[in-house]
Amino acid sequence: MKKYLFPGLLTLFFVLSAIGHFAEWSATLQFVISAISVIFVAGFLGKATESVSHYAGQRLGGFLNATFGNAAELIIGILLVKEGLFDMVKASITGSIIGNLLLVLGLSLFAGGLKHKVQHYNVSLAGMNGSLMIVAIIALFVPAIFLQSHELPKEHITSLSIIVAGILIVAYLLWLLFSMITHKDYLADVTETNAEELPHEHKPAWSKRQSILYLILATVMVAFVSEWLVGTLDTFTAKFGLSEIFVGAFVVAIVGNAAEHSAAILLAMKNKIGASVEIAVGSSLQIALFVAPVLVFVSHLFGRPMDIVFTAIELAAIGVSVFIAKSITQDGQTNWYEGLLLIAVYAILGVSFYLI
Amino acid sequence: MKKYLFPGLLTLFFVLSAIGHFAEWSATLQFVISAISVIFVAGFLGKATESVSHYAGQRLGGFLNATFGNAAELIIGILLVKEGLFDMVKASITGSIIGNLLLVLGLSLFAGGLKHKVQHYNVSLAGMNGSLMIVAIIALFVPAIFLQSHELPKEHITSLSIIVAGILIVAYLLWLLFSMITHKDYLADVTETNAEELPHEHKPAWSKRQSILYLILATVMVAFVSEWLVGTLDTFTAKFGLSEIFVGAFVVAIVGNAAEHSAAILLAMKNKIGASVEIAVGSSLQIALFVAPVLVFVSHLFGRPMDIVFTAIELAAIGVSVFIAKSITQDGQTNWYEGLLLIAVYAILGVSFYLI
Amino acid sequence: MKKYLFPGLLTLFFVLSAIGHFAEWSATLQFVISAISVIFVAGFLGKATESVSHYAGQRLGGFLNATFGNAAELIIGILLVKEGLFDMVKASITGSIIGNLLLVLGLSLFAGGLKHKVQHYNVSLAGMNGSLMIVAIIALFVPAIFLQSHELPKEHITSLSIIVAGILIVAYLLWLLFSMITHKDYLADVTETNAEELPHEHKPAWSKRQSILYLILATVMVAFVSEWLVGTLDTFTAKFGLSEIFVGAFVVAIVGNAAEHSAAILLAMKNKIGASVEIAVGSSLQIALFVAPVLVFVSHLFGRPMDIVFTAIELAAIGVSVFIAKSITQDGQTNWYEGLLLIAVYAILGVSFYLI
């Protein structure tokens with residue numbers, strides 16, 4: 001029974017959101033249905049990626065996991081870029097980063113900490129994650145501060161954005177090389193343990209061929225549902241008097257990351273806090289170091305270049321999230337109160353974004 | 001002889017400042033006398049709290065210590081709020097935070113470090129303190145930066161201030177729960193040792209009934225003397241051409257924290273650096289996470305809402321203090337040079353506030 | 001043969017740059033020749049300092065090393081101050097700090113990390129270095145932020161600059177006392193090992209008398225070549241349309257630090273990463289805590305006071321460099337990817353400075 005629940009709901013909401021879109025139901029209804037649908041298709045994509053990873057071997061699998069993990073955000077981002085909604089793209093990037101660093105990580109540490117007094121994970125990985133987060137804010141912060149003090153011609157802003165985006169993508173690819181190949185064992189500990197336990201827990205439900213087919217199917221479904229969701233945003237925000245930035249940073253971001261949320265919290269409760277941190281922090285690093293710069297490049301393909309310059313409040317939100325997350329994760333020990341502090345910061349940012 | 005010195009001076013200066021106030025002596029004389037008087041009554045309040053704590057048992061005692069510890073600052077703050085001197089309230093909050101983090105902590109590490117080459121304390125407590133400090137600046141920084149980039153209607157600023165203040169108070173109360181109940185031993189080490197030694201050193205001089213009476217008496221005295229002191233500030237600052245912010249941030253803050261200053265330095269010299277850090281950092285956390293938000297709520301009772309938006313230089317001062325204090329305390333090891341660095345930063349801030 | 005190569009090239013380029021200067025060759029040619037010449041004379045000065053240090057004993061030697069180490073930067077700085085080129089002085093101070101923290105340190109960690117999987121050094125030294133870096137940015141950041149929010153009369157800015165400069169110099173001298181005398185062993189580990197090995201590797205090539213003579217000669221040569229180099233900058237920057245700040249921050253800074261660059265990288269490859277970090281971080285600390293404040297005092301001798309107020313983008317550049325360097329060095333472990341992150345930040349800053 002339980003086995004058929006997920007595929008059933010997945011299909012139901014996908015079909016409903018398709019009908020809603022083509023029959024032009026009210027924007028609110030379309031928004032709600034396609035938002036729920038995104039959660040299911042993102043979950044489906046996650047499962048398919050995991051299954052393909054299993055057959056592809058650990059190294060290639062890890063890479064697939066890393067790149068497909070944020071596929072939903074990437075596709076939503078490309079659609080927003082195509083529509084020229086640059087402000088909402090940046091707001092949803094901001095929201096993904098702070099949502100992962102504060103809400104996902106915060107709930108994981110809190111839930112895990114209620115069950116386990118103190119949870120531990122690899123200190124070296126914590127340190128590397130912290131440094132990567134710092135590089136990510138530097139890359140977003142430097143162009144913004146330089147532009148604020150010097151009027152630059154438009155083509156210089158474009159060049160600067162392209163070069164910074166290129167540096168970030170190279171840094172991200174080399175991080176995959178470093179963390180998955182040259183220094184895999186240096187960063188391991190929870191991962192090691194997982195590797196032993198995983199075969200017993202997650203016997204792949206699908207064959208190799210099935211897994212690949214499902215991966216392609218899931219990606220296509222994510223693309224469609226994302227498009228339908230994005231189509232409703234304009235009307236929806238106007239109707240409720242919400243600012244574009246609040247919807248981008250909180251609504252779209254929470255919906256797009258729903259799959260990661262539940263996985264990270266469950267792992268934390270099973271005392272696999274290292275895996276939780278990898279999902280939450282790793283996901284926000286992918287957004288900042290890979291998804292955001294790729295969107296800059298993609299915008300050039302559509303002929304309308306998007307720059308990498310974020311607004312002051314977006315930078316402030318990302319900056320404070322990185323600082324508190326770095327401070328809390330850097331000793332490789334976590335507890336319930338640290339989770340709560342992250343949630344408190346998320347609440348402060350949420351209220352501030354809502355009120356402007 | 002020595003036994004009667006403190007009560008004698010306490011009474012003498014209290015009576016003198018009362019006479020000065022009602023006989024309307026010159027503002028300067030009144031200021032000097034009531035400033036000295038505040039130091040004595042704050043010391044008296046500290047002793048009474050400690051004695052009541054002894055009878056109340058460790059947990060309730062710790063809580064009383066934590067809440068009465070900054071009673072003088074809180075009462076001075078309430079009086080300033082009542083008079084509508086919001087700028088001076090914020091300046092004195094700023095001053096209390098940086099005074100504790102830089103001057104009290106700096107002098108403690110320096111004095112302790114001259115006697116003991118390297119002093120150690122609990123690294124986990126250091127980490128938690130650091131994260132709480134970061135949350136405190138985020139809470140003050142976020143509303144300020146959002147307001148700078150977006151014009152907000154006055155009632156939104158009021159709502160934002162109330163909500164942020166509420167979040168901080170909840171975070172502070174849960175910190176008491178975490179640090180005194182659920183993770184008491186995780187954060188202990190110096191505290192443990194103290195617990196064993198304290199009975200011998202501090203046999204309570206007063207009975208239970210006496211202690212409670214003295215606690216009430218001391219609180220009333222603090223309230224009166226604080227009121228008289230605040231009454232002189234306007235005339236005093238005008239006369240010497242000092243800015244309100246310099247007086248609030250340096251003069252009022254030093255006077256109001258005099259009791260903590262001496263206690264922290266003495267403990268450091270006895271190699272109880274953990275207790276020193278707890279007084280200095282703990283006190284500044286109380287101000288930021290409890291006293292400041294309570295004052296926001298209190299201002300609503302007086303019908304003149306105070307917002308939680310600090311000026312750029314106050315935020316800069318608090319921000320740099322938190323960064324250097326976090327950097328110095330995070331490894332759980334201290335030495336004389338680290339104390340000196342804190343004092344150097346205090347001097348730079350002091351000169352800057354004096355010159356504007 | 002190899003033995004005569006360095007003195008030969010040193011003499012050749014020194015003579016060439018002298019001829020170029022007096023025969024008034026084209027600015028570009030003069031610039032190139034004297035830039036190469038600075039690299040050689042800085043290397044000569046480094047060798048002479050090392051040799052004198054050998055005879056002076058470890059303590060006095062360390063002090064000499066510390067003060068003569070940045071002699072080239074100091075002399076270039078004094079010449080720029082004399083010409084009133086305050087913007088270029090500050091740009092070259094900025095460039096020296098970020099060049100050492102990002103390029104020198106980055107290349108060292110990268111080169112060392114390619115040969116050695118993980119390199120270790122003293123964690124206590126890492127912590128102290130981090131705190132000193134924070135104090136350095138605070139000292140530069142506080143006057144700038146206070147000035148931005150309050151209009152100050154010119155003489156107040158001058159007083160503030162002098163006092164902050166004085167505090168930094170005192171802090172730096174006490175750091176020498178702390179690190180070389182009172183807590184020498186606390187910060188040692190790589191240094192210890194070096195002390196044992198050095199005699200075998202670096203038998204001083206020169207006698208005591210020779211060493212002192214060479215030290216004086218090298219200092220004089222540095223002074224001359226620096227003067228000639230500075231003389232060409234105006235014409236050179238104008239000709240290539242480069243901003244003064246780009247030339248100061250990248251060209252002058254790279255040339256002036258060439259000697260440190262090669263030394264630090266070679267030491268890292270020999271797995272003496274502690275010594276590399278000391279050169280790179282130590283050098284940037286000297287610039288911030290000693291060279292910059294000395295230049296403020298020197299400007300008063302020339303009758304044209306220079307303030308200590310840096311521009312927003314200079315502060316941003318120094319700030320981000322300190323944050324990433326602190327984050328990477330604070331755990332006392334390094335690897336090739338951390339070096340690469342530092343170089344990535346340097347590239348982002350370089351492109352930004354170039355485009356404005």
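Residue numbers (the UniProt record's numbering), protein chains in the order written: chain D, 1 to 356; chain U, 1 to 356; chain L, 1 to 356. Here a beta-carbon is modelled for each residue, glycine too, at the ideal position from N, C-alpha and C.
Exercise for review: State the start and end residues of the unbroken alpha helix (DSSP H) segment that holds residue 304 of chain D.
Suggested key: Counting along the chain, residue 304 of chain D falls outside any alpha helix (DSSP H), and DSSP gives it neither H nor E.
Exercise for review: Please report the residue range of the alpha helix (DSSP H) in which residue 122 of chain U lies.
Suggested key: First-last for residue 122 of chain U: undefined, no H or E at that position.
Check your understanding: On the three-pair Cβ rule with 8 Å, is the stretch 321 to 341 of chain D touching the stretch 221 to 238 of chain D?
Key -> As far as the Cβ criterion goes, the stretch 321 to 341 of chain D does not touch the stretch 221 to 238 of chain D, which means the pair count is below three.
Check your understanding: To the nearest angstrom, how far is it from the Cα of residue 96 of chain L to the Cα of residue 250 of chain L?
Key -> Distance between the alpha carbons of residue 96 of chain L and residue 250 of chain L is about 8 Å.
Check your understanding: What separation, rounded to the nearest whole angstrom, lies between the Cα atoms of residue 327 of chain D and residue 132 of chain U?
Key -> So the two alpha carbons sit approximately 9 Å from each other.
**Study point:** DSSP three-state assignment for residue 311 of chain L, whether helix, strand or coil
**Key:** In the structure shown, residue 311 of chain L sits in coil (DSSP, three-state: anything other than H, G, I, E or B).
Exercise for review: Counting only the same chain and skipping the five closest in sequence on each side, list residues whose C-beta sits under 7 Å from that of residue 38 of chain U.
Suggested key: 72, 225, 226, 229, 255 and 256, listed in sequence order.
Check your understanding: Given that residue 349 of chain U touches chain L, what residues does it touch there, using C-beta distances under 8 Å?
Key -> 142, listed in chain order.
**Study point:** At least 3 beta-carbon pairs within less than 8 Å: the stretch 112 to 127 of chain L vs the stretch 266 to 283 of chain L
**Key:** Taking a cut-off of 8 Å on C-beta distances, the stretch 112 to 127 of chain L touches the stretch 266 to 283 of chain L, as three or more cross pairs fall below it.
Practice item. Using a threshold of 9 Å, state whether the C-beta atoms of residue 321 of chain L and residue 291 of chain L are closer than that. Key: Not closer than 9 Å, so no.
Review point. Taking the alpha-carbon positions, what's the residue 180 of chain L to residue 171 of chain L distance?
Key: Going by the C-alpha atoms only, they are around 14 Å apart.
Check your understanding: Is DSSP giving residue 333 of chain L helix, strand or coil here?
Key -> Residue state for residue 333 of chain L is assigned as strand, using DSSP reduced to three classes.
Check your understanding: With a cut-off of 9 Å, does the C-beta of residue 155 of chain L fall near any C-beta of chain D?
Key -> False, the Cβ-Cβ gap to chain D never drops below 9 Å.
Exercise for review: Taking all protein chains shown into account, decide if residue 19 of chain D is buried (16 or more other Cβ within 10 angstroms of its Cβ) or exposed.
Suggested key: Label assigned to residue 19 of chain D: exposed.
Review point. In this structure, does DSSP put residue 139 of chain D in helix, strand or coil?
Key: Secondary structure of residue 139 of chain D (DSSP, three-state): helix.
Exercise for review: Going by CA-CA distance only, name the one from D/129, D/54, D/315 and D/10 that's closest to residue 205 of chain D.
Suggested key: Measuring from the Cα of residue 205 of chain D, the nearest candidate turns out to be D/54.
Point to revise | chain U contact residues for residue 333 of chain D, given Cβ-Cβ distances below 8 Å | key: The contacting residues are 124 and 127.
Review point. What's the C-alpha gap between residue 209 of chain L and residue 354 of chain U?
Key: Approximately 52 Å, taken between the alpha carbons.
Review point. When you compare only the Cα positions, how much space is there between residue 70 of chain L and residue 220 of chain L?
Key: Using only the alpha carbons, I get a separation of about 14 Å.
Review point. Would residue 327 of chain L count as contacting chain U if we go by Cβ distances under 9 Å?
Key: Residue contact check for residue 327 of chain L against chain U: no CB pair falls below 9 Å.
Exercise for review: Could you have a look at residue 151 of chain U and say whether DSSP puts it in helix, strand or coil?
Suggested key: For residue 151 of chain U, the secondary structure class from DSSP, reduced to helix, strand or coil, is coil.
Check your understanding: Taking DSSP as the reference, what is the three-state secondary structure of residue 118 of chain D?
Key -> Coil, per DSSP.
Exercise for review: Look at residue 324 of chain U and residue 102 of chain U and say whether their C-beta atoms are less than 9 Å apart.
Suggested key: A contact, by the Cβ cut-off of 9 Å.
Review point. Within 9 Å (strictly less), CB to CB, does residue 147 of chain L reach chain D?
Key: Cβ-Cβ to chain D under 9 Å: no for residue 147 of chain L.
Check your understanding: Any C-beta of chain D sitting closer than 9 Å to the C-beta of residue 282 of chain U?
Key -> Under the Cβ criterion of 9 Å, residue 282 of chain U is not counted among the residues facing chain D.
Check your understanding: According to a CB-to-CB cut-off of less than 9 Å, which residues of the stretch 267 to 278 of chain L neighbour chain D?
Key -> Of all residues in the stretch 267 to 278 of chain L, none comes within less than 9 Å of chain D when Cβ atoms are compared.
**Study point:** Cβ-Cβ distance between residue 164 of chain L and residue 356 of chain U below 9 Å
**Key:** Their beta carbons are not under 9 Å apart, which means residue 164 of chain L does not touch residue 356 of chain U by this criterion.
Review point. Out of curiosity, what's the CA-to-CA distance linking residue 186 of chain L and residue 313 of chain L?
Key: If you take the alpha carbons of residue 186 of chain L and residue 313 of chain L, they lie about 37 Å apart.
Review point. Going straight from the alpha carbon of residue 214 of chain U to that of residue 10 of chain U, what length do you get?
Key: Straight-line Cα distance between these residues: approximately 13 Å.
Check your understanding: If you pair each beta-carbon of the stretch 142 to 150 of chain U with each one of the stretch 298 to 318 of chain D, do three or more pairs fall below 8 Å?
Key -> The count of Cβ pairs closer than 8 Å, one atom from the stretch 142 to 150 of chain U and one from the stretch 298 to 318 of chain D, reaches three, so the stretches are in contact.
Review point. With C-beta atoms as the reference, is residue 331 of chain U less than 9 Å away from residue 127 of chain L?
Key: For residue 331 of chain U and residue 127 of chain L, yes; Cβs fall inside 9 Å.
Review point. How far does the alpha helix (DSSP H) with residue 247 of chain U in it reach, from first residue to last?
Key: That residue, residue 247 of chain U, is in no alpha helix (DSSP H); it is neither H nor E in DSSP.
Point to revise | chain D residues whose Cβ lies nearer than 7 Å to that of residue 320 of chain U | key: Listed along chain D is no residue with a C-beta nearer than 7 Å to that of residue 320 of chain U; the closest approach is about 14 Å.
Practice item. For my contact list, residue 276 of chain D and residue 108 of chain D are in at a C-beta cut-off of 8 Å; report their separation, rounded to the angstrom. Key: Rounded, the Cβ-Cβ distance is 4 Å, consistent with contact.
Practice item. Please say whether residue 188 of chain L and residue 122 of chain L have beta carbons closer to each other than 9 Å? Key: Taking 9 Å as the Cβ cut-off, residue 122 of chain L and residue 188 of chain L qualify as a contacting pair.
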